[in-house]
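The working numbering puts the first residue of the sequence shown at 136, with every later residue one more than the last.
We treat Cβ as the ideally placed atom computed from N, Cα and C, and that holds for glycine.
Note sheet for the following structure.
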Amino acid sequence: MHPSTGTGRVPIGAVCPHQGVRQPRSAARHGTSPYCSNSRPPSGVRCRRCGPTEDAHNCRRQPMTPTDHGWVVFSHSGRIRRVGGHTGPVLNRNDGTVMITTPLHGECRVFLSRTDDARTWAVGAQFAATAASVGHRAGTTTALRPGTTLVCSADGELSVHRAVPRSSPSGGVPGCSLEQAMGWLDHGLRTAATEIASSGRPIRLLLSGGVDSGLLASYLWRAGADVRALTLRTPWGDEIDGASRTARHVGLPLDVIDVTAQESTAAIYPRMQHTQSDDAEVITVHLLVTVAFELARACGADLVTGLGSDLLNAGSDFGMGAVAGDLNERIDDASASGMMVTGQFTPGPRMYHPYWSPALLHLQQSVPAQLKTVDGIEKYYLRELAAYQLPRETAFGRKVAIHQGAGLSAGLDGALGEQLAAVCAQIRAQTLDEVPLGNHDVAVGGEQR
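Structure, rendered in structure tokens:
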């Protein structure tokens with residue numbers, strides 16, 4: 136029995152588009168496919184809500200972001216319009232122009248779709264809705280790099296200004312000592328934990344058996360946050376022993392959540408919605424984050440994760456195409472991938488990745504490589520700091536990424552019966568086919584153009 140729901144099920148957010156209520160995962164009861172909790176039933180299976188079978192079914196897949204969380208700025212033949220709700224990256228200027236700047240650290244993704252003649256274009260936070268705004272078969276849709284600025288003139292002309300390269304010292308600050316690096320990290324984590332705690336909202340920490348989330352547990356507890364830890368167990372693996380050891384040492388309550396194979400596969404589409412990505416690596420990394428985030432949301436809480444530390448302190452290339460050698464380029468690649476989305480520009484619960492916050496990003500870039508790997512031990516300076524606050528088995532334990540500890544990479548392919556990359560491609564293609572052209576009747580600044 137789980138304390139947040141009063142049931143034995145993990146509330147991972149399978150939402151029926153009819154009434155907005157969580158539905159059973161069973162395909163026999165609600166006609167769901169293993170790919171999406173909102174998909175239509177197989178041929179001959181009746182939906183318990185709608186009644187009809189597949190041919191006349193009304194359960195339509197939603198765009199790759201809930202529509203009330205998205206926005207699109209659209210121009211056709213010189214007329215600019217805007218649809219959508221919360222528009223954090225969009226600024227209406229007094230001269231009648233619109234400026235859009237993509238978040239520098241990947242808090243959300245922004246897409247540009249243009250027809251071949253460039254007379255019609257759209258910019259938005261929803262891949263499918265942005266592509267559909269110009270007709271996805273008539274144009275090209277691309278994800279914009281972090282820090283890119285677009286200026287839309289009053290007559291609908293669009294100019295794109297490329298992002299300025301990051302100036303942080305990717306090779307680290309020369310002469311930095313181990314004690315200095317530990318001091319910088321201690322100050323940065325204390326500041327981040329204090330800011331999270333100051334919101335006064337309940338917090339759920341996704342806790343593995345590793346050092347990154349373990350340090351966050353220690354700093355959040357010391358900051359007085361209203362925090363509980365979560366660790367997840369799948370049919371293919373778990374990190375309960377390590378998470379329990381850390382939680383006991385710090386003094387945090389720990390909830391162990393069982394996630395079935397069906398619930399894991401049902402989380403694929405919500406993760407694609409949240410990250411606006413169909414990259415199988417990104418989805419694999421984020422799958423348990425989705426489960427934890429929906430569980431936190433059901434409790435009215437925000438979620439904190441340790442994402443980002445592996446890339447910054449251990450040279451991880453997972454989820455970035457494994458192409459960039461320079462750390463600044465690697466950070467840009469990860470920020471552009473959807474890996475670090477936070478929901479900052481959407482209403483409702485938030486997701487925090489403290490290691491990827493602007494201050495801590497710069498700090499970790501400033502630490503020289505020779506302090507990050509010592510005698511083959513990655514994250515060395517971070518582990519030395521953790522040794523003062525956590526069990527040594529946690530501080531210097533074997534590095535295991537979240538998707539590896541839960542056995543997701545192989546487990547998902549087996550549960551799906553095919554490669555995850557193929558499933559993501561199918562979902563993306565079906566989503567584009569099912570999203571209708573938007574109703575672009577809302578003008579920029581509330582004025583018709």
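Looking at C-alpha atoms only, which residue of the options is the closest neighbour of residue i?
{"i": "residue 370", "options": "355, 377 and 400", "result": "400"}
{"i": "residue 521", "options": "361, 416, 320 and 510", "result": "320"}
{"i": "residue 344", "options": "314, 380 and 519", "result": "380"}
{"i": "residue 239", "options": "229, 298, 264 and 559", "result": "298"}
{"i": "residue 519", "options": "265, 316 and 398", "result": "316"}
{"i": "residue 533", "options": "385, 445, 425 and 395", "result": "445"}
{"i": "residue 547", "options": "420, 505, 242 and 259", "result": "420"}
{"i": "residue 496", "options": "465, 556 and 403", "result": "465"}
{"i": "residue 505", "options": "313, 347, 227 and 348", "result": "313"}
{"i": "residue 207", "options": "237, 265 and 227", "result": "265"}
{"i": "residue 393", "options": "367, 279 and 372", "result": "367"}
{"i": "residue 318", "options": "523, 389 and 491", "result": "523"}
{"i": "residue 531", "options": "542, 389, 517 and 243", "result": "517"}
{"i": "residue 438", "options": "373, 351 and 509", "result": "351"}
{"i": "residue 415", "options": "287, 227 and 545", "result": "545"}
{"i": "residue 323", "options": "491, 334, 563 and 252", "result": "491"}
DSSP three-state call for residue i: helix, strand or coil?
{"i": "residue 486", "result": "strand"}
{"i": "residue 548", "result": "helix"}
{"i": "residue 394", "result": "coil"}
{"i": "residue 421", "result": "helix"}
{"i": "residue 308", "result": "coil"}
{"i": "residue 176", "result": "At residue 176, the pLDDT of 35 sits below 50, so the modelled position is not reliable; the number obtained from the coordinates is stated separately. Three-state DSSP puts residue 176 in coil, outside helix and strand."}
{"i": "residue 565", "result": "helix"}
{"i": "residue 93", "result": "For the chain, the structure presents residues 136 to 584; residue 93 sits outside this window and is missing."}
{"i": "residue 531", "result": "coil"}
{"i": "residue 327", "result": "helix"}
{"i": "residue 197", "result": "Since pLDDT at residue 197 reaches only 33, below the 50 mark, its modelled position is unreliable, and the value read off the structure follows with that caveat. Looking at residue 197 - three-state DSSP - the assignment turns out to be coil, as it is neither helix nor strand."}
{"i": "residue 457", "result": "With a pLDDT of 43 at residue 457, under the threshold of 50, the predicted position of this residue should be treated as unreliable, and no value is reported."}
{"i": "residue 318", "result": "helix"}
{"i": "residue 169", "result": "Bear in mind that the predicted position of residue 169 carries a pLDDT of just 29, short of 50, making it too unreliable to give a figure here."}
{"i": "residue 426", "result": "helix"}
{"i": "residue 242", "result": "coil"}
{"i": "residue 523", "result": "coil"}
What is the residue span of the beta strand (DSSP E) that residue i lies within?
{"i": "residue 257", "result": "255-259"}
{"i": "residue 296", "result": "293-296"}
{"i": "residue 369", "result": "362-369"}
{"i": "residue 228", "result": "Premise fails: residue 228 is in no beta strand (DSSP E) and is neither H nor E."}
{"i": "residue 248", "result": "246-250"}
{"i": "residue 278", "result": "274-278"}
Mind checking if residue i is an interface residue toward chain C, Cβ cutoff 9 Å exclusive?
{"i": "residue 522", "result": "In the structure shown, chain C does not exist; there is a single protein chain."}
Can you list, in chain order, the residues of its chain whose CB lies under 7 Å from that of residue i, leaving out five sequence neighbours each side?
{"i": "residue 295", "result": "283 and 285"}
{"i": "residue 455", "result": "In this prediction, residue 455 has a pLDDT of 40, which is less than 50 and means its spatial position is unreliable; nothing more can be read from the coordinates."}
{"i": "residue 488", "result": "440, 442, 443, 475 and 477"}
{"i": "residue 362", "result": "338, 340, 355, 356 and 387"}
{"i": "residue 231", "result": "289"}
{"i": "residue 375", "result": "366, 368 and 391"}
Spatial neighbours of residue i within its chain, please: CB distance less than 8 Å, with the 5 preceding and 5 following residues excluded, ordered by chain position.
{"i": "residue 325", "result": "354, 357 and 358"}
{"i": "residue 250", "result": "256, 269, 270, 273 and 274"}
{"i": "residue 360", "result": "328, 331, 332 and 338"}
{"i": "residue 384", "result": "525, 526 and 529"}
{"i": "residue 418", "result": "403, 406, 407, 410, 412, 555 and 559"}
{"i": "residue 309", "result": "503"}
{"i": "residue 426", "result": "145, 147, 367, 392, 394, 398, 399 and 402"}
The alpha helix (DSSP H) with residue i in it runs from where to where?
{"i": "residue 475", "result": "Where residue 475 is concerned, there is no enclosing alpha helix (DSSP H), given that its DSSP letter is neither H nor E."}
{"i": "residue 264", "result": "262-269"}
{"i": "residue 385", "result": "375-385"}
{"i": "residue 461", "result": "Per DSSP, residue 461 belongs to no alpha helix (DSSP H) and is neither H nor E."}
{"i": "residue 405", "result": "403-410"}
{"i": "residue 497", "result": "493-501"}
{"i": "residue 446", "result": "444-448"}
Enumerate in chain order the residues of its own chain whose CB-to-CB distance from residue i is below 6 Å, with the five nearest sequence positions on each side excluded.
{"i": "residue 565", "result": "none"}
{"i": "residue 447", "result": "499"}
{"i": "residue 503", "result": "307 and 311"}
{"i": "residue 412", "result": "473"}
{"i": "residue 377", "result": "344"}
{"i": "residue 235", "result": "224, 225, 258 and 285"}
On the DSSP bridge assignment, give the partners of residue i in chain order.
{"i": "residue 389", "result": "364"}
{"i": "residue 339", "result": "363 and 438"}
{"i": "residue 234", "result": "226 and 286"}
{"i": "residue 513", "result": "508"}
{"i": "residue 372", "result": "369"}
Looking at the ligand PLP, does it come within less than 8 Å of residue i, judged from the CB to the closest heavy atom?
{"i": "residue 405", "result": "Looking for the ligand PLP in the displayed structure turns up nothing, as the structure carries no ligands at all."}
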